[in-house]
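Protein chains in written order, with this note's numbering: chain A, 91 to 188; chain B, 52 to 443. Heads up, the beta-carbon is just placed ideally off N, CA and C, and yes, glycines get one too.
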Amino acid sequence: MIRVVLPYHLRTLARIDGDVKLEISGPATRGAVLDALEARYPMLCGTIRDHVTQEHRPFLRFFACEEDLTHEPADAPLPEAVASGAEPLYIVGAIAGG
Amino acid sequence: MSGVRVLVGTRKGAFVLTSDGKREKWEVSGPFFAGWEIFHLKGSPADPDRLYASQCSGWFGQIIQRSDDGGRTWHQPGTPPGEQNDGKPKGESNKFVYDTTTEMGKPLTTHQWYDGKPHPWEFKRVWHLEPSQSDPDTVYAGVEDAALFRTTDGGRSWHELPGLRGHGTGMKWQPGGGGMCLHTIVVDPTRPERIYTAISAAGVFRSDDGGKTWAPKNRGLRSATIPDQDAEVGHCVHRIALHPSRPNVLFMQKHWDVMRTDDAGETWKEVSGNLPTDFGFVIDVHAHQPETIYVVPIKSDSEHFPLDGALRVYRSRKGGNEWEALTKGLPQRNCYVNVLRDAMAVDSLDKCGVYFGTTGGQVYCSADAGDSWNPVVRDLPAVLSVEVETLQ
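Here it is, written out as structure tokens:
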């Protein structure tokens, strides 16, 4: 079980309270987590990664275990603590005014 | 009893303002989609309780929202949470993907950037939603970078009408200050296969076959911002409007110049007349008087606020050239707001109501065709769009 913490606007959009808990079959990667997240919450398709290229949107960051994983490949293994559910994967909107 | 529902899109959410036919007392609901930019929301003429909204964010992209109850509740059309199709989520209602097929024979990859260099088409947001006159499930969407999309399933899926980008001039289109947006869609109410679109900065385009093929309709426009000032395309048209009883007559607020055509866009002529400045964004037509039109002059393309700090709507009762300032109830000192291109609308009550919103967060209503104005709300986020539904 993997825990994902979404930014406020995406929780509101998907009507989610608190963390999202996802079961992943196969290796725990950022791509697999996003696949599972979008499968459960189809309204999030396109909000985290591009519909066509599947690249993550430029103003989003991915943090876990006090590390910035934003620039890791989507198919790279997530830290064991994330894969085991001990630590969440944070999806964070980049800081900007407005 | 008759009434009105005013749909307001702002930088930080949507608001719905309702009143009875007197338009004196208002109920304000919202913000809906708080914190998101709502570029436009509009109701279906065929079912006034069916509303569509364009919700977007620099972080999270484009979302389409739909209401089936006049704006009380909203949902993203398409697959509900938890439902999947063949193991894969649909989530199609947010998906605007340019047509790259060879259907039109001219798949385009670039338009002009601000510096004139080729730049690839990149979808950014939906500027304008235009529901069909007859079918609540059919809606046109004008997007940035400029293209026209359509849904025929109530917003579940969107498909480009590629003939517009593909007709031959797309590589000459360039962005205006707000981006390269298709911001205006006008469907001839007497002939729905005739569609007009306006693009900044490209100009007006018309289709006579339901959006399959297109041609520029910019003869008569002159723009100092392009090397050939009367070129076929490249004009920064800000808004066009028509009266349903005379669909061949259209009015235009261009970057500079107020224009009209009497032959469905074949030729345009300037009708700025005695306006104190002919720069501006909005233009609209009285609901019952096809020659009565409204603009809000803005000082210049460098100073996007009213001349002399006085917010004035100008009305012409002769289809242009002769204009009168409408000031009663509007601030005449220290007013430095803008009125953006989709932020004016009219209702169709017996005494035509006129509405506009400002970047200062005010929405003004005139229940007497412009003679006097009252603020419905004063302190919303910057207003991006105003539409009104007349309810019977």
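| query | result |
| --- | --- |
| From which residue to which residue does the beta strand (DSSP E) around V336/B run? | 330-336 |
| Going along chain B in order, which residues have a C-beta closer than 7 Å to the C-beta of L150/A? | W110 |
| Compare the C-beta of S80/B against all C-beta atoms of chain A and say whether one is closer than 9 Å. | no |
| Measure the alpha-carbon distance for V428/B versus K73/B and round it to whole angstroms. | 16 Å |
| Output needed for D109/A: all residues of its chain with C-beta closer than 7 Å, excluding positions within five of it in sequence on either side, in chain order. | R93, V94, V95, P178 |
| Do the CB positions of V322/B and K223/B come within less than 9 Å of each other? | no |
| Tell me where the beta strand (DSSP E) around E317/B begins and ends. | Taken as a continuous stretch (DSSP letters only), E317/B belongs to no beta strand (DSSP E), as it is neither H nor E. |
| Note down, in chain order, each residue of its chain lying with its Cβ closer than 8 Å to the Cβ of S53/B, except the 5 sequence neighbours on either side. | D71, G72, L400, T441, L442, Q443 |
| Can you tell me the Cβ-Cβ gap for K350/B and F332/B, rounded? I've got them flagged as a contact below 8 Å. | Between F332/B and K350/B the Cβ distance is about 12 Å, and since that is not below 8 Å, they are no contact. |
| Secondary structure at Y98/A, three-state DSSP: helix, strand or coil? | helix |
| DSSP three-state label for P382/B, please. | coil |
| Assuming G121/A and D165/A make a contact with CB atoms under 8 Å, what is their CB distance in whole Å? | 5 Å |
| K146/B touches chain A at which residues, Cβ-Cβ below 8 Å? | C135, G136, H141 |
| Using the C-alpha atoms, what's the distance from L168/A back to A361/B? | 59 Å |
| What number of angstroms, rounded off, separates the C-alpha of A104/B from the C-alpha of A118/A? | 36 Å |
| Against chain A, does I114/B count as a neighbour if the rule is that its beta carbon must be under 9 Å from one of theirs? | yes |
| What number of angstroms, rounded off, separates the C-alpha of D120/B from the C-alpha of R101/B? | 6 Å |
| Would Y56/A count as contacting chain B if we go by Cβ distances under 9 Å? | Given a span of 91 to 188 for chain A in the structure shown, any question on residue 56/A remains unanswerable. |
| What residues in its chain sit with their C-beta under 8 Å from that of I344/B, if we drop five residues either side in the sequence? | A292, F302, I334, D335, V336, H337, R366, S367, G370, G371 |
| Residues of chain A with a CB under 9 Å from the CB of Q127/B: which are they? | L103, P132, M133 |
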